[in-house]
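Report on the structure given below.
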Amino acid sequence: MAASIEQYLHTERLPHIWCPGCGGGTITSAFLRAALELDLKRQDTIVVGGIGCSSRAVGYLDFGTVHSLHGRALAFATGIKMARPDFTVVVITGDGDGAAIGGNHLIHAARRNIDLTVILFNNQIYGMTGGQVSPLTSADSIAATAPYGHIERSFDLCRLVEAAGATYVARGVAAGSVQLQRLIRDGITHKGFSFIEAISQCPTEFGKRNAPKGQVAMLEDQKDRAITVAKAAKLPPEDLAGRIITGVLHRDDEAPELSTSYAAMVDRVREVAAEEAGGGS
Ligand code: SF4
Ligand code: MG
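Under our numbering, think of the first position of the sequence shown as 25, with each following residue one higher.
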């Protein structure tokens, strides 16, 4: 029988809880197809989720999984990676979980360049709790907590994590799942902190208040606005307003990775301790 992503799923737990037309399933499927391409083994792959619609994905995955605390997925993942640097560790989070309450963990994990892969589902809203604004809600959007329009600017999270020290930064859209699969696959094989922003659609909480409404129109809008890094580089900045730049935005394969540096430090300390013990005898 041909290999299938079903090998990584708790199919007995389906159907899932996501609303019809939600981008969460498409992004999860892109991750699982990347896992299949890389032949990831269930026994040495850990997926950590935070709290929110995106993080519910871990409940359906048959890897080692942790459904952790709100905003703390990266803290759990950091501990796992430091204890077992041989494991592949992936974090699934959302814009509320990862950029608001978990924002500090995000910038410091990026700064440390620890070998984790973060897939952040950006649907611009707190979906699970009823449509409150997140740090990625775009200005002027309507939300449960911004009924007359959101007056704040949103983060460009890719630029933020790059500035913080992430060594693989990419963006894709749910409407472009083949590209997303490739970006996630390359993020997992990159040795260092990999961050993939996956632009998602929440037709239920974001789409009910903002145009375009409905999953089909929201996906078409993603497709219309997406532009690759290579094409964007040929356009003046004014032509990029409102566009979603996709692809690998930043990559550095030379920067030291934390769990490797830590292992080298442990070796060094052991050597010093052995020398001291030898000198004292
Ligand atoms: Fe998806 Fe939004 Fe429904 Fe959550 S509320 S499952 S993000 S469509
Ligand atoms: Mg969200």
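All C-beta atoms, glycine included, are put in the ideal place defined by N, C-alpha and C.
Does at least one heavy atom of ligand 2 sit under 7 Å from the Cβ of G120? Yes.
Find out if the Cβ-Cβ distance for the pair S78, G118 is shorter than 8 Å. Contact: yes.
- Mind listing, in chain order, the continuous beta strand (DSSP E) runs of no fewer than 3 residues lying wholly within the segment 161 to 230? Qualifying beta strand (DSSP E) stretches, in chain order: 192 to 197, 218 to 223.
Can you name, in chain order, every residue of its own chain whose Cβ lies under 6 Å from the Cβ of L56, other than the five neighbours on each side? The residues are I29, Y32.
Quiz item: Rounded to a whole number of angstroms, what is the C-alpha to C-alpha distance between T228 and T284?
Solution: In this structure, the alpha-carbon of T228 lies about 43 Å from that of T284.
Item to complete: Out of H214, L130, E244, E186, state which residue places its alpha-carbon closest to the alpha-carbon of G200.
Response: For the residues H214, L130, E244, E186, the minimum Cα distance to G200 belongs to E244.
Reduced DSSP category for A133 - H, G, I as helix; E, B as strand; rest coil: Correct three-state label for A133: helix.
**Study point:** Length of the line joining the Cα atoms of L85 and Q246
**Key:** For the pair L85 and Q246, the Cα-to-Cα distance works out to about 27 Å.
Can I51 and F145 be called in contact, C-beta distance under 8 Å?
The Cβ atoms of I51 and F145 lie closer than 8 Å to each other.
Extent of the continuous beta strand (DSSP E) run through G88 = 88 to 91 is the span of the beta strand (DSSP E), which, as asked, contains G88.
Ligand 1 heavy atom lying under 7 Å from the CB of N147: Under cutoff, so the answer is yes.
Q.
With the cut-off set at 8 Å, would you say A81 and G73 are in Cβ contact?
A. Yes; because the gap between Cβ atoms is below 8 Å, this pair is in contact.
Next item on the list: Determine the extent of the beta strand (DSSP E) in which F145 is found, giving its start and end residues.
Entry: If you look at F145, you'll find it in the beta strand (DSSP E) that goes 141 to 146.
DSSP-derived helix/strand/coil call for T284
Helix, per DSSP.
Whole beta strand (DSSP E) elements within the segment 227 to 255, 3-residue minimum = 250 to 252, all fully within the segment 227 to 255.
Selected residue, minimal CA-CA separation from R209, among Y192, Y286, R136, A265
Closest option to R209, judged by alpha-carbon separation, among Y192, Y286, R136, A265: Y192.
In terms of residues, what are the limits of the alpha helix (DSSP H) holding L98?
-> Its alpha helix (DSSP H) spans residues 97 to 107.
Could you check what DSSP says for V113 in three-state terms: helix, strand or coil? Look at V113 here: in three-state DSSP terms it is strand.
Checklist entry - Between I116 and V90, is the Cβ-Cβ spacing less than 8 Å? => result Between I116 and V90, the C-beta spacing is not below 8 Å.
### Message
On a Cα-Cα basis, can you pick out the residue from G303, N128, F87, P44 that is closest to D68?
### Response
When G303, N128, F87, P44 are compared, the shortest CA-CA separation from D68 is found for F87.
message = Quick check on DSSP: helix, strand or coil for I10?
response = No statement about residue 10 is possible, as the shown extent of the chain runs from 25 to 305 and does not include it.
Practice item. Look up L38 in the DSSP assignment and say whether it is helix, strand or coil. Key: Reduced to three states, the DSSP call for L38 is coil.
My assumption, with CB atoms under 8 Å, is that F217 sits in contact with A134. Please give the rounded CB distance.
The C-beta distance from F217 to A134 rounds to 5 Å, short enough to meet the 8 Å contact threshold.
- Message: Pop quiz: N147 and C226 are said to be a contact at Cβ under 8 Å. What is the actual Cβ separation, rounded to whole angstroms?
- Response: Yes, they are in contact, since the Cβ atoms of N147 and C226 sit about 4 Å apart, within 8 Å.
Taking the alpha helix (DSSP H) that R57 falls in, what are its first and last residues?
-> For R57, the enclosing alpha helix (DSSP H) starts and ends at 48 to 62.
Hey, out of E221, A187, T213, whose CA is closest to V197's CA?
Of E221, A187, T213, the residue nearest in Cα terms is E221.
query: What is the rounded straight-line gap between the Cα of L60 and the Cα of F219?
result: Rounded to whole angstroms, L60 to F219 spans 20 Å at the Cα level.
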